[in-house]
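Note sheet for the following structure.
There are 2 protein chains.
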Amino acid sequence: MNTSSGAKLAGLLLGTFDAMVDVVVAELDREGHPGVTATHAFALEAIDDGAQSASELGRSLGVSRQAAAKTIAALEELHYLDRQDDPGDARRKRLLVTARGREMMTIGARTFDALRTQAAEQVGIRALENFEEVLAILGGKSDSREASTRSS
Amino acid sequence: MNTSSGAKLAGLLLGTFDAMVDVVVAELDREGHPGVTATHAFALEAIDDGAQSASELGRSLGVSRQAAAKTIAALEELHYLDRQDDPGDARRKRLLVTARGREMMTIGARTFDALRTQAAEQVGIRALENFEEVLAILGGKSDSREASTRSS
DNA sequence: GCTCTATTGACAACCAGGTTGTCAACTCAA
DNA sequence: TTGAGTTGACAACCTGGTTGTCAATAGAGC
Numbered sequence: 001m002n003t004s005s006g007a008k009l010a011g012l013l014l015g016t017f018d019a020m021v022d023v024v025v026a027e028l029d030r031e032g033h034p035g036v037t038a039t040h041a042f043a044l045e046a047i048d049d050g051a052q053s054a055s056e057l058g059r060s061l062g063v064s065r066q067a068a069a070k071t072i073a074a075l076e077e078l079h080y081l082d083r084q085d086d087p088g089d090a091r092r093k094r095l096l097v098t099a100r101g102r103e104m105m106t107i108g109a110r111t112f113d114a115l116r117t118q119a120a121e122q123v124g125i126r127a128l129e130n131f132e133e134v135l136a137i138l139g140g141k142s143d144s145r146e147a148s149t150r151s152s
Numbered sequence: 001m002n003t004s005s006g007a008k009l010a011g012l013l014l015g016t017f018d019a020m021v022d023v024v025v026a027e028l029d030r031e032g033h034p035g036v037t038a039t040h041a042f043a044l045e046a047i048d049d050g051a052q053s054a055s056e057l058g059r060s061l062g063v064s065r066q067a068a069a070k071t072i073a074a075l076e077e078l079h080y081l082d083r084q085d086d087p088g089d090a091r092r093k094r095l096l097v098t099a100r101g102r103e104m105m106t107i108g109a110r111t112f113d114a115l116r117t118q119a120a121e122q123v124g125i126r127a128l129e130n131f132e133e134v135l136a137i138l139g140g141k142s143d144s145r146e147a148s149t150r151s152s
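Going down the list, the protein sequences come from chains A and B.
So in the UniProt record's numbering, spot 141 of the first sequence is number 141, and the numbers just go up one at a time.
So in the UniProt record's numbering, spot 109 of the second sequence is number 109, and the numbers just go up one at a time.
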């Protein structure tokens, strides 16, 4: 009960994310894509958005390239991704989203969008847009190292 | 760029949570509480809020009681928690937050609140309150109409 | 052309925070 | 008194990260 409003805010952010992801993962499972995790979906999205190698994917996701390589291996295992030798650089393996991968992305995006639409219906599109605006500001700048030191 | 608005929303939720937690963990480290994770802080909060045993903590956090027990062991290791035999039930070990634990909670809460205050200064208190209202609605119910599998 | 440095992907060991399964001790209602 | 449910402990395991190391390769500087 003495939970701070700030901590409550943080908890709600995580809880809401989790709730959305749960629905999307369940829907993917239901539509023939079992075993997909949020990590997979976001990684495939990043690859399709331009990350062309494990190193690039790691940078794009903000994780080590070893972690990215593990995710890539999992995506390849699930046939969402093909790896080909890069003709211009023998060190690299180019990443190509397969048709099945594209289908998974489509379902994921559709389900995420359905959740957002549902949220808009609950609170009104105007409130949701304001919400997203505030969220972008909050998420955009995470500096404020000294903002916390005082105010004690 | 073809990231769906819904997925973008989810990504921002997680990103904002992570950004907040990073600041809080860094501040705790700076103020003499190294090695504390978000899990620790939220668990201690839950214990102080009334979770009196590993089983209760697990229920309260939504994880297995074995996972809760691991967190409790970590908190005890860090001297944030004492365990005592429950006089009324020999199966249980009562959980007591130590003075140091209380100090850690205070710093965490203060830092979380400072972040929230900072957010309010950026977007206006009214916008933040609307934001939190929408967030509570979104987080509270995670049902989807055609994409629904089960609520939870 | 040669060499030095940076980058890449692979591999291994490890860690944190979860999971399930199992167990003995214990409580409590029938 | 007994039997079902709860509790904490322990073990094995999984996932998604981490760091460290390595050989192969690319590319710039000379």
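Note that the Cβ used here is the ideal one computed from N, Cα and C, for glycine as well.
Worksheet item: Excluding the five sequence neighbours on either side, which residues of its own chain have a C-beta within less than 6 Å of the C-beta of B/Met20, listed in chain order?
Response: Within the same chain, Cβ atoms closer than 6 Å to the Cβ of B/Met20 are found at Leu115, the five residues on either side in sequence being excluded.
Item to complete: Identify the contact partners of A/Gly32 in chain B, using a Cβ-Cβ distance below 7 Å as the criterion.
Response: Listed along chain B is no residue with a C-beta nearer than 7 Å to that of A/Gly32; the closest approach is about 14 Å.
Worksheet item: What separation, rounded to the nearest whole angstrom, lies between the Cα atoms of A/Ala67 and A/Ala74?
Response: 11 Å
Fill in: Minimum Cβ-Cβ distance from A/Glu129 to chain B less than 8 Å
no
Discussion item. Buried or exposed, going by whether 16 or more other CB atoms sit within 10 Å of the CB of A/Thr106?
Written reply: Under this definition A/Thr106 is an exposed residue.
Fill in: Alpha-carbon to alpha-carbon, B/Gly50 and A/Glu31
41 Å
Worksheet item: The alpha helix (DSSP H) with A/Leu78 in it runs from where to where?
Response: Counting along the chain, A/Leu78 falls outside any alpha helix (DSSP H), and DSSP gives it neither H nor E.
Item to complete: Count the C-beta pairs between the segment 108 to 128 of chain B and the segment 27 to 41 of chain B that are closer than 8 Å, then say yes if the count reaches three, no if not.
Response: Segments in contact, yes.
Discussion item. Quick check on B/Gln84: does DSSP put it in helix, strand or coil?
Written reply: strand
Worksheet entry | Residue nearest to B/Val24 in terms of C-alpha spacing, selected from B/Arg100, B/Arg65, B/Met104, B/Ala69 | B/Met104
Worksheet item: Since residue 160 of chain A sits in a beta bridge, which residues does DSSP pair it with?
Response: Any property of residue 160 of chain A remains undetermined from this structure, which presents chain A solely from 1 to 152.
Worksheet entry | Proximity winner among A/Ala43, A/Thr16, A/Gly11, A/Ser5, relative to B/Thr3 (alpha-carbon distances) | The shortest Cα separation from B/Thr3 among A/Ala43, A/Thr16, A/Gly11, A/Ser5 belongs to A/Ala43.
Worksheet item: With C-beta atoms as the reference, is A/Leu78 less than 8 Å away from A/Leu95?
Response: no
Worksheet item: Among residues of its own chain, excluding the 5 on either side of A/Arg100, which ones have a beta-carbon nearer than 7 Å to its beta-carbon?
Response: His79, Tyr80
Item to complete: Please decide whether A/Ile125 counts as near chain B, where near means a Cβ-Cβ distance under 8 Å.
Response: no
Practice prompt. Specify whether the segment 55 to 65 of chain B and the segment 9 to 19 of chain B touch according to this definition: at least 3 beta carbon pairs, one from each stretch, less than 8 Å apart.
Written response: no
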